[in-house]
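Residue numbers (the working numbering): 44 to 296.
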């Protein structure tokens, strides 16, 4: 083979190698976008559009919804939504939706009606991290797609400008059964609390449906059975609330 032909072969081999690397990079990118974590990481390069916390975040052992969103290049808003329990369970749910600009305007109206506060992105991140740490000390892990959604915070540092108060008024973990938790789940949660902190060192309120009645009663840590529990006072966020406005983001396929 002449030196000229050898150089040509070397050049072609180098070109093929470059093409192979490019194809692998594209395949890796496609695979990442098929996973929720990969999409959240890709979305993290876009500007922050919303960063809000519900009033419960600023109450002792409160329950709140945390919102964090970014505006994509096509104008859509991707919104990460976290249900946070400062009293006991930490992250009770986590999921994401995308909204058109028009639909997101309605979502913002709902946030305003809820009394949510706009805060720095680092404050939202700090609340989530502290909630995970507190609940973890009691034996509870984040629910929903929490871990897969956290890459949307890439590039943001947690802020300590707000002080969040975990546990009940007496400093003990305080479990309040939510509307999506069965009585069996509530019993397991109380058992885990007893294992973590010991009998008498935690509080609970377990709403129960009174037979053949239109209101709720509840059982608390004192053993009292009470009626007239007002389910309208429950601050739990309902995932279906935004169903008509946004598109749910989950794993592809």
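We treat Cβ as the ideally placed atom computed from N, Cα and C, and that holds for glycine.
What are the start and end residues of each continuous alpha helix (DSSP H) run of 4 or more residues lying completely inside the stretch 107 to 142, in chain order? Uninterrupted alpha helix (DSSP H) stretches at least 4 residues long and entirely within the stretch 107 to 142 do not occur.
Would you mind stating whether residue 231 and residue 216 have Cβ atoms separated by less than 8 Å? Going by C-beta atoms, residue 231 is not nearer than 8 Å to residue 216.
Give the straight-line distance between the Cα atoms of residue 277 and residue 105, rounded to the nearest whole angstrom. Bear in mind that a pLDDT of 42 at residue 277, under 50, signals an unreliable position, so the model cannot answer this.
Report the partner residues of residue 96 according to the DSSP bridge assignment. Looking at the DSSP assignment, residue 96 forms a beta bridge with 109 and 160.
Tell me, please, whether the stretch 148 to 157 touches the stretch 124 to 134 by the rule of three or more beta-carbon pairs shorter than 8 Å. Touching, no, given that fewer than three Cβ pairs across the two stretches are closer than 8 Å.
Would the C-beta of residue 109 count as close to the ligand NAD, meaning under 7 Å from any of its heavy atoms? Absent from the structure shown: the ligand NAD. Ligands present: none.
From this set, 194, 240, 191 and 189, which residue's C-alpha is nearest residue 214's C-alpha? When each option's Cα is compared against that of residue 214, the closest is 240.
Taking only three categories from DSSP, how would you classify residue 86? Residue state for residue 86 is assigned as helix, using DSSP reduced to three classes.
Output the distance between the C-alpha atoms of residue 137 and residue 83, rounded to the nearest integer angstrom. Between residue 137 and residue 83, the alpha-carbon positions lie close to 13 Å from each other.
Could you please give the first and the last residue of the uninterrupted beta strand (DSSP E) stretch that includes residue 219? Its beta strand (DSSP E) spans residues 217 to 219.
Let me know if residue 191 comes out buried or exposed under the rule of 16 or more other beta-carbons within 10 Å of its beta-carbon. Classification of residue 191: buried, given that the 10 Å Cβ count is 16 or more.
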